[in-house]
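Enquirer:
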Amino acid sequence: LDNLPYINFKPEELLKNTLLSSNKSSTYEHDIELLIKAAFHQELWPLKIFDSWGKPLPSGLFKSNVFWTGNYDECIKSLYQYNNKSFLKQPFNTQYCNYAPAYPIQQGFESEECRNHYWWIVFFYIDNLIKPESICLNVSWYLFYDMQFHWIAPLALMPFVLGRKKIAYIIASMHIFIHIGSTLGLLLHYPNLNPNNVRNALQQSASANESTSFSVIYVIRWCRIPAYAIRLLTGFVVINTDSTYYINRNIKKIGSFLATLSFLVCIFSMYGDYISVTDLNRASIIAYEIFSRSAWSLAIGWIIFLCYY
């Protein structure tokens, strides 16, 4: 605290400048006063709250609402003080501590449509294919996707094992072109789709039945299949090539440069869509959705290939 710019403020002056939820007297004003006084005594708990609130303003004051944003267990558990080996009860009691974690008010986390009509599709691992907007548990979509790929992977694996390696390469490569064609078709069919998750959330909140990039492209198997297909191709190349295979050093440098460039483009190409008021143009969004997963997977495949040679 010695180097903080507001150390010369009195607690009363700092309290007047602290941003509350309204201009009127707040019910949490007493908590704020306790927080400030404890901070001047360099106690642990206010410092953790300040840290969770974020960066200070240029004036040195912290701008935030009076909501706890740290760990919930710190609301219900006493803090252990290492100096005097004692426990200190958390005096800063906000709405987050009072409300407790958010538990569902219904029977479970699944949607009502899933509970009443589409619960059976979970047993067949097709929850991301039939009514993906009513998926029973959003975070489980990748389980269905992985299982669906295991169903079709033998189409490429069996020819490779049986010695029909060209057929295996062709089938694995076809998966990549299926991804390109299906993603392009969906983006042209749904002109309002945008890979920006923030805008998707706003779009979904405005119209719950409207299709979003998450439900139409993100969780659909054939739109994410190039990653698995390129993994298969990488495995085929590694198995089919002797470990003593010599690669020119210049080729390694060029490949590593292209892989690094692919990583950077995949990570930062959509950054402008998040920070700008206007979206990226339609061509940029389509190009990103079509080629980003393939480019990322190829870059990782190149790194794996270099580990063997």
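For the sequence shown, our numbering begins at 1356 and goes up steadily by one.
Using N, Cα and C, we set each Cβ at its ideal position, and we do this for glycine too.
Note that the coordinates shown come from a computational prediction; the quantities given were computed from them, not determined experimentally.
Taking the straight line between their C-alpha atoms, what separation do you get for N1378 and I1387?
Expert: Since pLDDT at N1378 reaches only 48, below the 50 mark, its modelled position is unreliable, and no value is offered.
Enquirer: Using the C-alpha atoms, what's the distance from L1399 back to S1380?
Expert: With a pLDDT of 49 at S1380, under the threshold of 50, the predicted position of this residue should be treated as unreliable, though the coordinate-derived value follows. When rounded, the distance between both Cα atoms is 27 Å.
Enquirer: What first and last residue would you give for the alpha helix (DSSP H) that runs through L1542?
Expert: First-last of the alpha helix (DSSP H) with L1542: K1520 to H1544.
Enquirer: Would A1584 and A1614 qualify as a contact pair, given that the criterion is a beta-carbon distance under 8 Å?
Expert: No, they are not a contact pair.
Enquirer: According to the Cβ coordinates, are I1572 and E1467 closer than 8 Å?
Expert: Not in contact: I1572 and E1467 (Cβ atoms no closer than 8 Å).
Enquirer: At what residue ranges does the segment 1462–1516 contain a whole run of the alpha helix (DSSP H), taking only runs of 4 or more?
Expert: Those alpha helix (DSSP H) runs which fall completely within the segment 1462–1516 and span 4+ residues are 1496–1507 and 1509–1516.
Enquirer: Please report the Cβ distance between L1588 and A1508, rounded to the nearest whole angstrom; I am assuming they are in contact, meaning their Cβ atoms lie under 8 Å.
Expert: Their Cβ separation, rounded to whole angstroms, is 12 Å, which puts L1588 and A1508 out of contact at 8 Å.
Enquirer: State the DSSP-derived secondary structure class of I1580, mapped to helix, strand or coil.
Expert: I1580: coil per DSSP, three-state reduction.
Enquirer: Thinking C-beta only, is A1582 closer than 8 Å to S1652?
Expert: Yes, the pair counts as a contact, with Cβ atoms nearer than the cut-off.
Enquirer: Tell me the residue span of the alpha helix (DSSP H) that contains I1572.
Expert: Looking at the DSSP string, I1572 is not in any alpha helix (DSSP H), and its letter there is neither H nor E.
Enquirer: Excluding the five sequence neighbours on either side, which residues of its own chain have a C-beta within less than 6 Å of the C-beta of V1632, listed in chain order?
Expert: Note that V1632 scores 48 on pLDDT, short of 50, meaning its location in the model is unreliable; the coordinates nonetheless yield the value given after this. Nothing meets the Cβ criterion.
Enquirer: If you measure between the beta carbons of W1474 and I1533, is that distance less than 8 Å?
Expert: Not closer than 8 Å, so no.
Enquirer: Looking only at its chain, what residues have a beta carbon closer than 6 Å to the beta carbon of N1547, apart from the 5 residues adjacent to it on each side?
Expert: Here the set comprises nothing.
Enquirer: Is DSSP giving T1589 helix, strand or coil here?
Expert: If DSSP states are grouped into helix, strand and coil, T1589 belongs with the helices.
Enquirer: Output needed for C1662: all residues of its chain with C-beta closer than 7 Å, excluding positions within five of it in sequence on either side, in chain order.
Expert: Excluding sequence neighbours, C1662 sits near nothing in its chain.
Enquirer: Measuring straight from C-alpha to C-alpha, what distance separates W1657 and G1610?
Expert: Going from the Cα of W1657 to the Cα of G1610 covers about 7 Å.
Enquirer: Is it true that the CB of H1544 sits closer than 8 Å to the CB of E1580?
Expert: The question names Glu, yet the displayed sequence has Ile at residue 1580. Contact: no.
Enquirer: Which value, in whole angstroms, describes the spacing of the CA atoms of L1510 and G1590?
Expert: One C-alpha to the other measures close to 15 Å.
Enquirer: For a test of the three-state rule: what should DSSP assign to I1622, helix, strand or coil?
Expert: Reduced to three states, the DSSP call for I1622 is helix.
Enquirer: Going along the chain, which residues of its own chain have a beta-carbon closer than 7 Å to the beta-carbon of I1485, five neighbours each way excluded?
Expert: Within the same chain, I1485 has close Cβ partners Y1473 and I1476.
Enquirer: By the three-class DSSP mapping on this structure, what secondary structure does A1603 have?
Expert: Sequence check: residue 1603 is Asn here, not Ala. Here N1603 sits in coil by DSSP.
Enquirer: Closest by CA to L1541, which one among L1389, V1592 and A1642?
Expert: Nearest option by C-alpha distance: A1642.
Enquirer: Buried or exposed for R1637, please, with buried defined as at least 16 other CB atoms from any protein chain shown within 10 angstroms of its CB.
Expert: Exposed: under 16 other Cβ atoms inside 10 Å.
Enquirer: Kindly indicate the opening and closing residues of the alpha helix (DSSP H) around S1647.
Expert: Note, S1647: alpha helix (DSSP H), R1637 to Y1663.
Enquirer: Pick helix, strand or coil for S1566, following the three-state DSSP scheme.
Expert: S1566: coil per DSSP, three-state reduction.
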